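Residue numbers (this note's numbering): 4 to 336. Ideal Cβ placement from N, Cα and C applies to all residues, glycine included. These numbers come from a predicted model, not from an experiment.
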Amino acid sequence: MTAPPVHVVVVTYNRSGYLRGLLDSILALDPAPTGVTVVDNASTDDTPDVLGAFAATAPCPVVVERLTVNSGGAGGFRAGVRAALAATTPGAAAWLWLMDDDVVALPDAIGVIAPFLADAGAVHGRRRDRTGRPFFWQNRFNAWLGVPLPVPGDVFAHGPVMRTDVGCFEGMFLNRRTAERVGPPDGRFFLTWDDTMYGWLISRTEPVTYVDRYVLRKIRPQRRVDLGVRHLNDSSDLSRYHVMRNRGHVARYLQTEHRWSRPGFALGTALTAGKELARLLLVERGVRGVVPLWRGWRDSRAILHDPAWRPEMGAPPAWPVRSAGTPSPGTDA
Numbered sequence: 004m005t006a007p008p009v010h011v012v013v014v015t016y017n018r019s020g021y022l023r024g025l026l027d028s029i030l031a032l033d034p035a036p037t038g039v040t041v042v043d044n045a046s047t048d049d050t051p052d053v054l055g056a057f058a059a060t061a062p063c064p065v066v067v068e069r070l071t072v073n074s075g076g077a078g079g080f081r082a083g084v085r086a087a088l089a090a091t092t093p094g095a096a097a098w099l100w101l102m103d104d105d106v107v108a109l110p111d112a113i114g115v116i117a118p119f120l121a122d123a124g125a126v127h128g129r130r131r132d133r134t135g136r137p138f139f140w141q142n143r144f145n146a147w148l149g150v151p152l153p154v155p156g157d158v159f160a161h162g163p164v165m166r167t168d169v170g171c172f173e174g175m176f177l178n179r180r181t182a183e184r185v186g187p188p189d190g191r192f193f194l195t196w197d198d199t200m201y202g203w204l205i206s207r208t209e210p211v212t213y214v215d216r217y218v219l220r221k222i223r224p225q226r227r228v229d230l231g232v233r234h235l236n237d238s239s240d241l242s243r244y245h246v247m248r249n250r251g252h253v254a255r256y257l258q259t260e261h262r263w264s265r266p267g268f269a270l271g272t273a274l275t276a277g278k279e280l281a282r283l284l285l286v287e288r289g290v291r292g293v294v295p296l297w298r299g300w301r302d303s304r305a306i307l308h309d310p311a312w313r314p315e316m317g318a319p320p321a322w323p324v325r326s327a328g329t330p331s332p333g334t335d336a
């Protein structure tokens with residue numbers, strides 16, 4: 004099968020060593036991508052030099068979008084999707100392949116994923132971890148709780164495709180038509196939940212799938228605990244803060260789609276906090292990250308009750324525009 008034209012979108016920040024390896028792996032892809040867009044999130048290392056050398060030697064068009072401030076993964080992918088759509092035509096980029104800078108692409112990735120790219124809004128291939136073992140990612144979104152839940156067992160026991168309803172920007176193949184309809188990701192998330200909600204919004208009208216074909220390998224080492232039904236990886240205070248803070252944005256998107264439940268979301272928020280506490284205790288062996296969790300939860304409440312909040316992706320708001328001082332449809336969860 005002839006692969007459709009795939010345009011790679013990479014977001015990077017101060018990890019030029021990882022970035023070099025990723026760019027080398029992109030050059031080794033066969034079939035090759037039709038172009039590459041790299042968003043430099045205001046790096047302060049030698050990333051601009053690495054990107055300049057790559058753009059000068061790559062056999063395909065390269066777009067480098069350098070941001071003036073670090074906008075996180077969410078802002079980076081928002082800028083990257085917008086830049087890729089603006090710089091290409093459907094004939095040159097029917098699909099956008101999104102990825103972080105701490106992975107490498109497997110040489111046959113585009114070829115093995117190509118048969119699964121028809122009639123879908125987003126498609127995810129599998130990843131291997133740094134040691135070559137399968138990286139666990141098989142989730143479905145529970146809208147009542149507002150959290151993705153792991154699907155236990157062998158999800159490919161009866162076929163190579165699992166229907167899901169969440170996204171992952173570490174390897175998502177995004178249909179160009181879908182990106183134009185839904186819009187680019189919401190940059191306000193900064194870190195975490197952005198790809199989950201992007202995939203969920205797409206799944207409301209188009210298939211989102213996870214297929215039994217390996218396309219990436221993670222390079223950055225991570226501490227990990229295997230809980231059987233899921234893995235817990237190490238994290239950072241910045242990520243912990245946004246895990247809780249972005250519950251506010253998750254709630255607002257659920258409200259937009261008429262899928263928000265006050266008691267369910269409150270329970271989902273408690274489960275999210277519990278998972279992060281388990282990560283601290285089991286993986287990082289400490290509790291110093293509790294303060295960022297609390298700060299994130301506190302700041303989520305401002306998002307929940309912000310009367311000026313509007314969705315940046317997907318459908319327009321489902322509730323009437325409210326004037327300042329009018330209670331918002333937020334929750335105290």
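Just to confirm, is the Cβ distance from residue i to residue j under 8 Å?
i: residue 21; j: residue 157; result: no
i: residue 49; j: residue 67; result: no
i: residue 298; j: residue 260; result: no
i: residue 107; j: residue 25; result: yes
i: residue 366; j: residue 36; result: The question about residue 366 has no answer here: the residues shown for the chain are numbered 4 through 336.
i: residue 294; j: residue 214; result: no
i: residue 94; j: residue 14; result: no
i: residue 271; j: residue 307; result: no
i: residue 77; j: residue 193; result: yes
i: residue 91; j: residue 149; result: no
i: residue 204; j: residue 83; result: no
i: residue 279; j: residue 296; result: yes
i: residue 302; j: residue 248; result: yes
i: residue 119; j: residue 72; result: no
i: residue 89; j: residue 12; result: no
i: residue 188; j: residue 265; result: no
i: residue 283; j: residue 172; result: no
i: residue 97; j: residue 4; result: no
Mapping DSSP to helix, strand and coil, what is residue i?
i: residue 198; result: helix
i: residue 331; result: With a pLDDT of 34 at residue 331, under the threshold of 50, the modelled position of this residue cannot be trusted; read the value that follows with caution. Residue state, collapsed to three classes: coil.
i: residue 381; result: No answer is possible for residue 381: the residues shown for the chain start at 4 and end at 336.
i: residue 19; result: helix
i: residue 322; result: Annotation note: pLDDT 32 at residue 322 (below 50); position unreliable, coordinate value reported separately. Reduced to three states, the DSSP call for residue 322 is coil.
i: residue 315; result: coil
i: residue 279; result: helix
i: residue 192; result: helix
i: residue 139; result: coil
i: residue 261; result: coil
i: residue 215; result: strand
i: residue 7; result: coil
i: residue 3; result: Residue coverage of the chain in this structure runs from 4 to 336, which leaves residue 3 outside it and unanswerable.
i: residue 12; result: strand
i: residue 176; result: strand
i: residue 273; result: helix
i: residue 159; result: coil
i: residue 126; result: strand
i: residue 336; result: In this prediction, residue 336 scores a pLDDT of 38, lower than 50, which makes its location untrustworthy; the coordinate-derived value is nonetheless stated afterwards. If DSSP states are grouped into helix, strand and coil, residue 336 belongs with coil.
Using only alpha-carbon positions, find the residue among the options that is nearest to residue i.
i: residue 123; options: 99, 142, 255 and 177; result: 177
i: residue 109; options: 171, 31 and 72; result: 31
i: residue 40; options: 72, 240 and 99; result: 99
i: residue 114; options: 132, 128, 263 and 12; result: 128
i: residue 174; options: 23, 73 and 29; result: 29
i: residue 169; options: 80, 197, 304 and 244; result: 197
i: residue 17; options: 33, 38 and 70; result: 70
i: residue 159; options: 152, 212 and 183; result: 212
i: residue 239; options: 269, 292 and 118; result: 292
i: residue 6; options: 310, 86 and 121; result: 121
i: residue 314; options: 265, 97 and 186; result: 186
i: residue 152; options: 103, 275 and 59; result: 275
For the alpha helix (DSSP H) that residue i lies in, which residues bound it at each end?
i: residue 240; result: 240-248
i: residue 86; result: 75-90
i: residue 153; result: Per DSSP, residue 153 belongs to no alpha helix (DSSP H); it is in the beta strand (DSSP E), 150-153.
i: residue 68; result: Run containing residue 68: none in the alpha helix (DSSP H); it sits in the beta strand (DSSP E), 65-69.
i: residue 50; result: 50-60
i: residue 185; result: 179-185
Residue range of the beta strand (DSSP E) that residue i falls in?
i: residue 300; result: Unbroken run through residue 300 is the alpha helix (DSSP H), 293-307; no beta strand (DSSP E).
i: residue 114; result: That residue, residue 114, is in no beta strand (DSSP E); its alpha helix (DSSP H) goes 112-116.
i: residue 166; result: 164-167
i: residue 109; result: Per DSSP, residue 109 belongs to no beta strand (DSSP E) and is neither H nor E.
Can you find a heavy atom of the ligand PLP that lies under 7 Å from the Cβ of residue i?
i: residue 139; result: As presented, the structure is devoid of all ligands, the ligand PLP included, so that no description of it is given.
Item to complete: Evaluate contact between the region 125-145 and the region 212-224, counting only Cβ atoms and requiring at least three cross-stretch pairs below 8 Å.
Response: Cβ pair count under 8 Å is three or more, so yes.
Practice prompt. For the region 144-153 and the region 54-66, state whether three or more C-beta atom pairs, one from each stretch, are separated by less than 8 Å.
Written response: They do not touch, by the three-pair rule.
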